[in-house]
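>
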Amino acid sequence: MLQLDPQLTKQDNFLAGQVILIDKPIEWTSFDVVKKIRNLIRIKKVGHAGTLDPLATGLLILCTGKKTKSIESYMAEEKEYTGTFTIGQTTPTFDLESEPTEAVDTSHISQEDLDRARDKFIGDIEQLPPMHSAIKVGGKRLYELARKGETIERKTRPVNISEFELTKVDLPIISFKVVCSKGTYIRSLANDFGEALGVGGHLSSLRRTKIGEFHVDNAYNLEELVTLLKELS
Numbered sequence: 006m007l008q009l010d011p012q013l014t015k016q017d018n019f020l021a022g023q024v025i026l027i028d029k030p031i032e033w034t035s036f037d038v039v040k041k042i043r044n045l046i047r048i049k050k051v052g053h054a055g056t057l058d059p060l061a062t063g064l065l066i067l068c069t070g071k072k073t074k075s076i077e078s079y080m081a082e083e084k085e086y087t088g089t090f091t092i093g094q095t096t097p098t099f100d101l102e103s104e105p106t107e108a109v110d111t112s113h114i115s116q117e118d119l120d121r122a123r124d125k126f127i128g129d130i131e132q133l134p135p136m137h138s139a140i141k142v143g144g145k146r147l148y149e150l151a152r153k154g155e156t157i158e159r160k161t162r163p164v165n166i167s168e169f170e171l172t173k174v175d176l177p178i179i180s181f182k183v184v185c186s187k188g189t190y191i192r193s194l195a196n197d198f199g200e201a202l203g204v205g206g207h208l209s210s211l212r213r214t215k216i217g218e219f220h221v222d223n224a225y226n227l228e229e230l231v232t233l234l235k236e237l238s
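Per our numbering, residue 6 is the first one in the sequence shown, and the count goes up by one each step.
#1: Quick one: grab the DSSP three-state call for Thr-111.
#2: Quick one: measure Cβ to Cβ for Asn-92 and Gly-199, integer angstroms, because I've assumed they're closer than 8 angstroms.
#3: What do you reckon, are the CB atoms on Asp-28 and Leu-67 nearer than 9 angstroms?
#4: If you compare alpha carbons, which of Thr-69, Tyr-190 and Gly-206 is closest to Thr-111?
#5: How about Phe-219 and Leu-26: are their beta carbons less than 9 angstroms apart?
#6: Would you tell me roughly how many angstroms separate the C-alpha atoms of Ile-216 and Ala-54, rounded to the nearest one?
#7: Any chance the stretch 120 to 132 sits against the stretch 221 to 234, with 3 or more Cβ pairs inside 8 angstroms?
#8: Mapping the DSSP letters down to three states, classify Lys-15 as helix, strand or coil.
#9: Lys-15 and Leu-237 look like a contact to me (Cβ under 8 angstroms); what is the Cβ gap, rounded to whole Å?
#10: Is Ala-61 closer than 9 angstroms to Gly-22 when the C-beta atoms are compared?
#11: Please classify Ser-167 as buried or exposed, where buried requires at least 16 neighbouring CB atoms within 10 angstroms.
#12: Can you pull the DSSP bridge partners for Asn-196?
#13: Using only alpha-carbon positions, find the residue among Thr-69, Ile-76, Glu-32 and Ile-178 that is nearest to Leu-45.
#14: My output table needs one value for Glu-131: the three-state DSSP class, helix, strand or coil.
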């Protein structure tokens, strides 16, 4: 919740520094949320501690004023995600921002196959970032090149997945919970998991539930936050 000093103006409170937990709605970019809050509190110094893709929902940490100095430390925290993979189909973006390929049969996939594939991705692993990502190579973001139809060589990056649980299996849809380090792409995990099964796969839904000790259950619904900020003098 917001900790505001009643003796300060709204702008001075946010300049002094606030950490705001938001449950990002689907189809909003992380920057859309930053821009919305920035306009409401009328200060420029607002940033988020870790991007969520437009089709993902869940916890987004916003920092204002002097608290923006804490962004890097929040970004370094372990993250928890829940969501679904759909196996038997791949997409260029590894999620539903692009069209899936024609489905292949997955009925032969057993629970043992799923467990064996999952176990390959627990612990310290090397992960290849997707072409449709914001990583810069040669001064250009990968997604800018991908939109032009270009694919370039990328280096794998070390990440850690401390927990990877398959919470429900209803083929071709697999529900999961993942706890992972900074820099982990759940889209890449979906693609790699499907590849390990030999049928392909993509991320079909994603929700970030925790960042360090912060939980989405304690976050503001964006509409409620907007209403609250409009009411503040």
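From the three backbone atoms N, C-alpha and C, an ideal C-beta is built for every residue, glycine too. Quick caveat: nothing in here was measured; it's all calculated off a predicted structure.
A quick look at the data gives this:
#1: The residue given as residue 111 occupies position 106 in the sequence shown. Reduced to three states, the DSSP call for Thr-111 is coil.
#2: Looking up residue 92 in the sequence shown gives position 87. Looking up residue 199 in the sequence shown gives position 194. The question names Asn, but residue 92 in the sequence shown is Ile. Right, the Cβ-Cβ distance comes to about 5 angstroms (below 8 angstroms), so this counts as a contact.
#3: Numbered from its first residue, the sequence shown carries residue 28 at position 23. Numbered from its first residue, the sequence shown carries residue 67 at position 62. Contact flag unset, no.
#4: Indexing the sequence shown from 1 puts residue 111 at position 106. Nearest option by C-alpha distance: Gly-206.
#5: Sequence index remark: in the sequence shown, residue 219 carries index 214 (1-based). Sequence index remark: in the sequence shown, residue 26 carries index 21 (1-based). In this structure, Leu-26 lies closer than 9 angstroms to Phe-219 by Cβ.
#6: Stepping through the sequence shown from its first residue, residue 216 is reached at position 211. Stepping through the sequence shown from its first residue, residue 54 is reached at position 49. CA-to-CA, the gap between Ile-216 and Ala-54 works out to about 9 angstroms.
#7: At 8 angstroms Cβ cutoff, the stretches do not touch.
#8: The residue labelled residue 15 in the question sits at position 10 within the sequence shown. Here Lys-15 sits in helix by DSSP.
#9: As a working note, residue 15 is residue 10 in the sequence shown. As a working note, residue 237 is residue 232 in the sequence shown. Yes, they are in contact, since the Cβ atoms of Lys-15 and Leu-237 sit about 5 angstroms apart, within 8 angstroms.
#10: The residue given as residue 22 occupies position 17 in the sequence shown. The residue given as residue 61 occupies position 56 in the sequence shown. In this structure, Ala-61 does not lie closer than 9 angstroms to Gly-22 by Cβ.
#11: In the sequence shown, the residue the question calls residue 167 occupies position 162. The residue in question, Ser-167, is exposed, as its Cβ has fewer than 16 Cβ neighbours within 10 Å.
#12: What you label residue 196 is simply residue 191 of the sequence shown in a count that begins at 1. Per DSSP, none; premise fails for Asn-196.
#13: Position 40 of the sequence shown, counted from the start, is the residue given in the question as residue 45. Cα-wise, what sits closest to Leu-45 is Thr-69.
#14: Position 126 of the sequence shown, counted from the first residue, corresponds to residue 131. Reduced to three states, the DSSP call for Glu-131 is strand.
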